[in-house]
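Chains as they are written, first to last, in the working numbering: chain A, 1065 to 1197; chain B, 1065 to 1197.
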DNA sequence: CAACTGTTCTATAACTACTATAACATATAA
DNA sequence: TTATATGTTATAGTAGTTATAGAACAGTTG
């Protein structure tokens, strides 16, 4: 998988790594069982520090997105139970929507924007074992 | 308007103040022309520092949500042009949706969640001059 | 053995968040 | 005038976060 590290402006480097993995998962560029780049390799590739990548991976592991193994490296996990704190997530979503709403975006436009994003998402490929990084 | 400062966990105090104002605007608890609490009063009310509140208000002003006047205080502005960086906003929304999607939430459930949030929003009351804090 | 994984440790510099105190500028009210 | 109320600016200090750097450790694989 290729990491972009778009200037999300305001997001820290390790947060962006975490976000990119989740996005890759949603868009089907990454599937359970796939391996992520070794932290040293990714760090070199992005010209950032080893520890910064590690922190991003740790975050992903705590959220249940990946498994970290000392031998085989970082592997995308099978989606289990929700895990995510639904309350915090909803509150965050609510704020994003309120931003759009108070800027004059209509319900229709907001809904269409959401639909457009969702349309590009791909079902998480749960049946697989090989890695294709 | 009453500020709650829910523990958004990860959001700084001034960010939460900023968010609460936008939410209040979306839910109709605050309208253009309304005055916000004086920074000292709000700071005392929340048991936080004057500057923290000020920073939140400054952020809101830079985003065009409010006007700051040395005499009359902070007043909610009339919604003008978009102002908001649509690209960053969309990217942020995309990540939130990807989080839900990768946690197994279906398009229908996500859409329903969005609709439920939007349903509670109230048109920004643009015709008004009095203050009702 | 060497090489490759993640992991842990210590240290440091830079930045951010928050607090604290004081003073200033400007307008309104007594 | 004096007092009060508003936001504004300046300075400072503390604490925590972010990112860097280098080194070493612990397993597993070739």
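All C-beta atoms, glycine included, are put in the ideal place defined by N, C-alpha and C. The structure displayed is predicted, hence computed values, not measured ones.
Item, Value
"Reduced DSSP secondary structure (H/G/I, E/B, other) of residue 1139 of chain B", "strand"
"Residues near residue 1151 of chain B in its chain [Cβ-Cβ closer than 7 Å; skip 5 each side]", "none"
"Among B:1121, B:1153 and B:1094, nearest to residue 1074 of chain A - alpha-carbon criterion", "B:1153"
"Buried versus exposed, by CB contacts within 10 Å (16 or more), residue 1190 of chain B", "exposed"
"From A:1144, A:1133, A:1092 and A:1166, residue whose alpha carbon lies closest to that of residue 1127 of chain B", "A:1166"
"Nearest-angstrom beta carbon gap, residue 1113 of chain A and residue 1107 of chain A [assumed within contact, 8 Å]", "6 Å"
"Residues bridged to residue 1132 of chain A [DSSP beta-bridge criterion]", "A:1138"
"Contact with chain A by residue 1181 of chain B, beta-carbon distance below 7 Å", "yes"
"Beta-carbon contacts of residue 1109 of chain A that lie in its chain and below 8 Å, excluding the five residues immediately before and after", "1067 and 1101"
"Interface residues of chain A facing residue 1093 of chain B [CB-CB closer than 8 Å]", "By Cβ distance, chain A contributes nothing, its closest Cβ being about 11 Å from residue 1093 of chain B, past 8 Å."
"When A:1133, A:1161, A:1182 and A:1178 are compared against residue 1098 of chain A, the one with the closest alpha-carbon", "A:1133"
"Environment of residue 1183 of chain B [buried if 16+ CB atoms lie within 10 Å]", "exposed"
"Simplified DSSP assignment, three categories, for residue 1099 of chain A", "strand"
"Of the residues B:1077, B:1139, B:1121 and B:1085, the one placed nearest residue 1159 of chain A, counting alpha carbons only", "B:1085"
"Below-7 Å beta-carbon distance, residue 1096 of chain A vs any chain B residue", "no"
"Counted within 10 angstroms of its Cβ, other Cβ atoms place residue 1096 of chain A as buried (16 or more) or exposed", "buried"
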